[in-house]
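Enquirer: Before I ask anything, here is the structure I am working with.
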Amino acid sequence: MKKALQAILFWIYYPVLRVFTWMPLRLQYVLADLLYLLMRITGYRKKVIRSNLKNALPEKTGKERKCIERKFYRHLADSLLESVAQMGFSGKELARRFRFKNPELINSFARQGKSVLLATAHYANWEWFTSFPLISPFKVLAIYKPLRNPFMDKLFVRIRERTGAIACPMEDVVRKIYSFRDQNIPTLTYFIVDQRPLRKSIGYWDIFLHQETPFYLGIEKIARKTNYPVFFMKVDKIKRGTYEAEFILLEEEPSGTLPYEITRRHIRLLENIIREKPELWLWSHRRWKHKRRPEEILPG
21 MKKALQAILF WIYYPVLRVF TWMPLRLQYV LADLLYLLMR ITGYRKKVIR SNLKNALPEK
81 TGKERKCIER KFYRHLADSL LESVAQMGFS GKELARRFRF KNPELINSFA RQGKSVLLAT
141 AHYANWEWFT SFPLISPFKV LAIYKPLRNP FMDKLFVRIR ERTGAIACPM EDVVRKIYSF
201 RDQNIPTLTY FIVDQRPLRK SIGYWDIFLH QETPFYLGIE KIARKTNYPV FFMKVDKIKR
261 GTYEAEFILL EEEPSGTLPY EITRRHIRLL ENIIREKPEL WLWSHRRWKH KRRPEEILPG
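Here the sequence shown stands for residues 21 to 320, numbered as in this note's numbering.
The structure is reproduced here in structure tokens:
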């Protein structure tokens, strides 16, 4: 019964999504403007957003936080529409809209037959990175959390994979990495490192944006075990519908690093990026839902 209902919902939504992608992008952004107004009027997750902004950016005045809130809602509306709009993009169009500032820095490792790990965040635009296989010799593994509706999940996997990336569920990532390593195929594995971990999966606590914050240790554990170089991808919004990504090398020899060192580096880097343009981070999710227990240690 549940699966039948999920199928019905999919076949209601899917034609709407297809019609949307056939519209000129200019018209799609008109709908994004309407979505922005709707979210502002209904106060979409307003309590969560305001609480997050107040606790994370105490140095800002109330007026400044209100300004960030307005800009965030506008960017969120764009992001939601853009995640669907890419269904109608050609590879060439997607590559034109999501540019890479220094792709050779990371591609040079693939040419040496080396695999790498890439950290990024829910910042600016993280979905359109799937254009990278168009300009890279890497086999790109994009880690994702499967949706509850298997029909919608299949659709978004297809969207992510249409330019050559491989959508990889979180629980399969290690197996996939080792499988390609055994075949001598260089991979780039793409982690979103600011997700709130499951309570049982918390590996590390740190002060992030003035608050005690839990993190997954997945990328660091894999890096130290495989000695794959670790990069961070900084994404900037140049204008509506146009983004630019820059690759930053965090560590070339992870096996020689101290425990938590790589995690601390990407935390500090992300923190600085968010402070530059706070409206581009995903303030609407409950990042600080978990509270640290006494036995869970903060770094000194």
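Idealized CB from N, CA, C, for every residue including glycine. Here the structure is a predicted model, which means the values were calculated and not measured.
1. Within a Cβ cutoff of 6 Å, which residues of the same chain sit near residue 97, ignoring the five residues on either side of it in sequence?
2. Please classify residue 254: is it buried, with 16 or more other beta-carbons within 10 angstroms of its beta-carbon, or exposed?
3. Can you tell me where the alpha helix (DSSP H) with residue 115 in it begins and where it stops?
4. Anyone know if the C-beta pair for residue 137 and residue 211 falls short of 8 Å?
5. When you compare the stretch 38–46 with the stretch 274–292, are there three or more beta-carbon pairs, one atom per stretch, that lie closer than 8 Å?
6. Would you call residue 195 buried or exposed, if buried means 16 or more other Cβ atoms sit within 10 Å of its Cβ?
7. Alpha carbon to alpha carbon, what distance is there between residue 143 and residue 113?
8. If you drop the 5 nearest sequence neighbours on each side, which residues of the same chain put their C-beta closer than 6 Å to that of residue 252?
9. Can you tell me whether residue 50 is buried or exposed, with buried defined as 16 or more other CB within 10 angstroms of its CB?
10. So, with DSSP's three-state summary, where would you put residue 102?
11. Please tell me whether residue 217 and residue 235 are closer than 8 Å, where the distance is taken between their beta carbons.
12. What are the uninterrupted segments assigned as alpha helix (DSSP H) that are 4 or more residues long and contained completely in the stretch 154–217, given in chain order?
13. Could you tell me the alpha carbon to alpha carbon distance between residue 58 and residue 220, rounded to whole angstroms?
14. Could you pull out every unbroken alpha helix (DSSP H) segment of at least 4 residues lying fully inside the stretch 232–317, listed in chain order?
15. Pull up the distance between the alpha-carbon of residue 164 and that of residue 317, whole angstroms please.
16. Taking C-alpha atoms, which residue in 65, 168, 81 lies nearest to residue 23?
17. Who are the near neighbours of residue 204 in its chain, counting only those whose CB is closer than 8 Å to its CB and skipping five residues on each side?
18. Rounded to the nearest angstrom, what separates residue 166 and residue 178 at their Cα positions?
19. Output the distance between the C-alpha atoms of residue 74 and residue 293, rounded to the nearest integer angstrom.
20. Indicate whether residue 156 and residue 123 have their beta-carbon atoms separated by less than 8 Å.
21. Considering only residues of the same chain and omitting the five flanking positions on each side of residue 261, which have a CB-CB separation below 6 Å?
Expert: On the basis of the data shown:
1. 52, 55, 56
2. Looking at its Cβ environment, which holds 16 or more other Cβ atoms inside 10 Å, residue 254 is buried.
3. 111–117
4. yes
5. no
6. exposed
7. 21 Å
8. 139, 268, 270, 286, 289
9. That one is exposed.
10. helix
11. yes
12. 170–181, 193–202, all fully within the stretch 154–217.
13. For residue 58 and residue 220, the distance between alpha carbons rounds to 36 Å.
14. 238–246, 281–296
15. Distance between the alpha carbons of residue 164 and residue 317 is about 28 Å.
16. When only C-alpha atoms are compared, the closest one is 168.
17. Excluding residues up to 5 positions away in sequence, 133 lie with their Cβ nearer than 8 Å to the Cβ of residue 204 in the same chain.
18. 12 Å
19. The alpha-carbon atoms of residue 74 and residue 293 are separated by roughly 18 Å.
20. yes
21. 117
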